[in-house]
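K.L.:
Numbering (our numbering), first residue to last: 99 to 407.
Starting off with a structure, shown below.
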């Protein structure tokens with residue numbers, strides 16, 4: 099048995115903001131993927147994954163049947179015969195490892211599933227998001243459902259607000275372009291749940307809430323609009339502002355050894371850094387108008403280019 103591949107994702111803009119109704123833009127990232135498999139001689143990782151799938155299968159049985167129904171009998175049979183999720187997606191890196199697993203389970207075992215081949219109305223997208231949010235909560239406590247949605251449909255998703263999402267096209271990449279979006283590996287595994295609780299704790303302060311609305315969400319929304327319109331000049335101006343706001347107000351989410359690099363990018367304009375997912379480790383997302391300059395400035399790190407302008 100080998101199920102279809104489900105890809106990782108990158109939330110280009112909208113981390114934390116989408117909890118409070120900012121815009122967001124999430125794109126599939128085909129460099130990493132995962133699939134459901136069975137094996138005669140499972141590795142240690144496969145045995146561990148199978149144990150986790152057993153717990154997940156039990157959780158799924160208790161999901162409200164009005165929301166989604168699964169072929170629980172078949173799922174349990176497969177899990178008991180050693181099925182596991184074979185994935186190259188790094189965990190705790192903000193690229194959607196649990197999202198791909200949720201998408202794979204829904205694809206394989208849900209009854210009456212909504213597929214990418216049908217007309218994806220807003221209602222259908224919201225229904226899928228709600229199903230995936232409930233499923234992924236098993237891993238994170240509270241999930242927006244966007245990672246599995248992106249992985250399942252494998253198309254860019256534009257988040258206008260909590261209840262308004264749509265599939266979208268993004269400008270074609272310029273393979274010769276010097277501008278780029280890239281990933282830096284922080285070398286630390288980030289955990290979503292503690293970072294989100296920290297954010298929720300900060301939200302109790304009026305000053306933080308105010309900053310979120312007047313600065314963070316304002317620049318996030320502008321970045322999404324610029325990116326979709328291919329307005330590169332304005333995009334970099336807004337990304338720089340966003341990078342500044344994150345450095346000032348989201349410092350605990352940035353690994354300590356990156357504070358200086360972050361500031362250096364803002365001061366030299368060689369690159370601008372931002373959180374990829376909830377932060378605390380994993381990947382850091384970078385934007386640059388000149389990838390060669392950014393590579394020189396960040397020569398101690400391997401940059402993984404995700405998109406070329």
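Here a beta-carbon is modelled for each residue, glycine too, at the ideal position from N, C-alpha and C.
Check the C-beta distance from residue 174 over to residue 155 and give it rounded, since I have them as a contact under 8 Å.
P.N.:
One-based indexing of the chain shown puts residue 174 at position 76. One-based indexing of the chain shown puts residue 155 at position 57. Contact flag correct, Cβ pair sits at about 6 Å.
K.L.:
Going by other Cβ atoms of all chains shown within 10 Å of its Cβ, with 16 needed for buried, is residue 163 buried or exposed?
P.N.:
Within the chain shown, the letter at position 65 stands for residue 163. Exposed.
K.L.:
Taking the straight line between their C-alpha atoms, what separation do you get for residue 205 and residue 211?
P.N.:
On the chain shown, position 107 is the one that residue 205 refers to. On the chain shown, position 113 is the one that residue 211 refers to. Using only the alpha carbons, I get a separation of about 7 Å.
K.L.:
Output the distance between the C-alpha atoms of residue 261 and residue 139, rounded to the nearest integer angstrom.
P.N.:
Position 163 of the chain shown, counted from the first residue, corresponds to residue 261. Position 41 of the chain shown, counted from the first residue, corresponds to residue 139. In a straight line, the C-alpha of residue 261 is about 45 Å away from that of residue 139.
K.L.:
Does the Cβ-Cβ distance between residue 106 and residue 112 come in under 8 Å?
P.N.:
Position 8 of the chain shown holds residue 106. Position 14 of the chain shown holds residue 112. Result no, Cβ atoms of residue 106 and residue 112 do not sit closer than 8 Å.
K.L.:
Can you tell me which of 361, 374, 190, 316 puts its alpha carbon nearest to the alpha carbon of residue 238?
P.N.:
Start at 1 with the first residue of the chain shown, and residue 238 comes out as number 140. For the residues 361, 374, 190, 316, the minimum Cα distance to residue 238 belongs to 190.
K.L.:
So, with DSSP's three-state summary, where would you put residue 121?
P.N.:
Locating residue 121 in the chain shown gives position 23, where the first residue counts as 1. The answer is coil: DSSP assigns residue 121 none of H, G, I, E or B.
K.L.:
Checking the sheet assignment: what are the DSSP bridge partners for residue 183?
P.N.:
Start at 1 with the first residue of the chain shown, and residue 183 comes out as number 85. Beta-bridge pairing links residue 183 to 134.
K.L.:
For the beta strand (DSSP E) that residue 283 lies in, which residues bound it at each end?
P.N.:
Taking the first residue of the chain shown as position 1, residue 283 is located at position 185. That run of the beta strand (DSSP E) goes 278–283.
K.L.:
What would DSSP say about residue 204, mapped onto helix, strand or coil?
P.N.:
Looking up residue 204 in the chain shown gives position 106. Helix.
K.L.:
Please classify residue 346 as buried or exposed, where buried requires at least 16 other C-beta atoms within 10 Å of its C-beta.
P.N.:
Looking up residue 346 in the chain shown gives position 248. Classification for residue 346: exposed.
K.L.:
Considering only residues of the same chain and omitting the five flanking positions on each side of residue 186, which have a CB-CB separation below 8 Å?
P.N.:
For the purposes of this step, residue 186 is identified with residue 88 of the chain shown, where counting begins at 1. Here the set comprises 130, 131, 132.
K.L.:
Assess, as a yes-or-no matter, whether the segment 244–254 is touched by the segment 383–396 under the definition of 3 or more beta carbon pairs within less than 8 Å.
P.N.:
No, because fewer than three Cβ pairs between the segment 383–396 and the segment 244–254 fall closer than 8 Å, the two stretches do not touch.
K.L.:
For the alpha helix (DSSP H) containing residue 363, name the first residue and the last one.
P.N.:
Start at 1 with the first residue of the chain shown, and residue 363 comes out as number 265. Residue 363 -> alpha helix (DSSP H) spans 357–366.
K.L.:
What does DSSP give as the partner residue(s) for residue 265 in the beta ladder?
P.N.:
The count along the chain shown starts at 1 and reaches residue 265 at position 167. Beta-bridge pairing links residue 265 to 255.
K.L.:
Since residue 145 is in the alpha helix (DSSP H), which residue starts that stretch and which ends it?
P.N.:
If you number the chain shown from 1, residue 145 lands on position 47. Element bounds for residue 145: 142–159.
K.L.:
By how many angstroms is the C-alpha of residue 351 removed from the C-alpha of residue 176?
P.N.:
Start at 1 with the first residue of the chain shown, and residue 176 comes out as number 78. Start at 1 with the first residue of the chain shown, and residue 351 comes out as number 253. Answer to the nearest angstrom: the Cα atoms are 39 Å apart.
K.L.:
Measure the Cβ-Cβ separation of residue 255 and residue 265 and say whether it is below 8 Å.
P.N.:
Indexing the chain shown from 1 puts residue 255 at position 157. Indexing the chain shown from 1 puts residue 265 at position 167. Going by C-beta atoms, residue 255 is nearer than 8 Å to residue 265.
K.L.:
Relative to the C-alpha of residue 408, which residue among 335, 222, 348 is closest?
P.N.:
Summary: the structure shown does not reach residue 408, with the chain confined to residues 99 through 407, and so no result is reported for it.
K.L.:
Taking the alpha-carbon positions, what's the residue 274 to residue 406 distance?
P.N.:
Residue 274 sits at position 176 when you count from the first residue of the chain shown. Residue 406 sits at position 308 when you count from the first residue of the chain shown. If I take the Cα positions, the gap works out to 8 Å.
K.L.:
Thinking C-beta only, is residue 263 closer than 8 Å to residue 52?
P.N.:
There is no way to answer for residue 52, as the model of the chain reaches only from 99 to 407.
K.L.:
Assign residue 341 to one of two classes, buried (16 or more other C-beta atoms within 10 Å of its C-beta) or exposed (fewer than that).
P.N.:
Taking the chain shown and counting its residues from 1, one reaches residue 341 at position 243. By the 10 Å Cβ count, residue 341 comes out buried.
K.L.:
If you count every other CB in all the chains shown that lies within 10 Å of the CB of residue 214, and 16 or more means buried, which is it?
P.N.:
Locating residue 214 in the chain shown gives position 116, where the first residue counts as 1. That one is exposed.
K.L.:
Whose C-beta lies closer than 6 Å to the C-beta of residue 328 among residues of the same chain, with five residues either side of it excluded?
P.N.:
Start at 1 with the first residue of the chain shown, and residue 328 comes out as number 230. Around residue 328: 269.
K.L.:
Check for me: the alpha helix (DSSP H) holding residue 338 runs from which residue to which?
P.N.:
Position 240 of the chain shown, counted from the first residue, corresponds to residue 338. Element bounds for residue 338: 330–347.
K.L.:
Thinking residue 322 and residue 376 are a contact (beta carbons under 8 Å), I'd like their distance in whole angstroms, please.
P.N.:
Reading the chain shown from its first residue, position 224 is the one you call residue 322. Reading the chain shown from its first residue, position 278 is the one you call residue 376. That pair is no contact at about 18 Å.
K.L.:
Checking 8 Å against the spacing of the C-beta atoms, do residue 159 and residue 150 come in under that value?
P.N.:
Along the chain shown, one-based indexing puts residue 159 at 61. Along the chain shown, one-based indexing puts residue 150 at 52. No, the Cβ-Cβ distance between residue 159 and residue 150 is not below 8 Å.
K.L.:
In three-state DSSP terms, what is residue 400?
P.N.:
Position 302 of the chain shown, counted from the start, is the residue given in the question as residue 400. Three-state DSSP puts residue 400 in coil, outside helix and strand.
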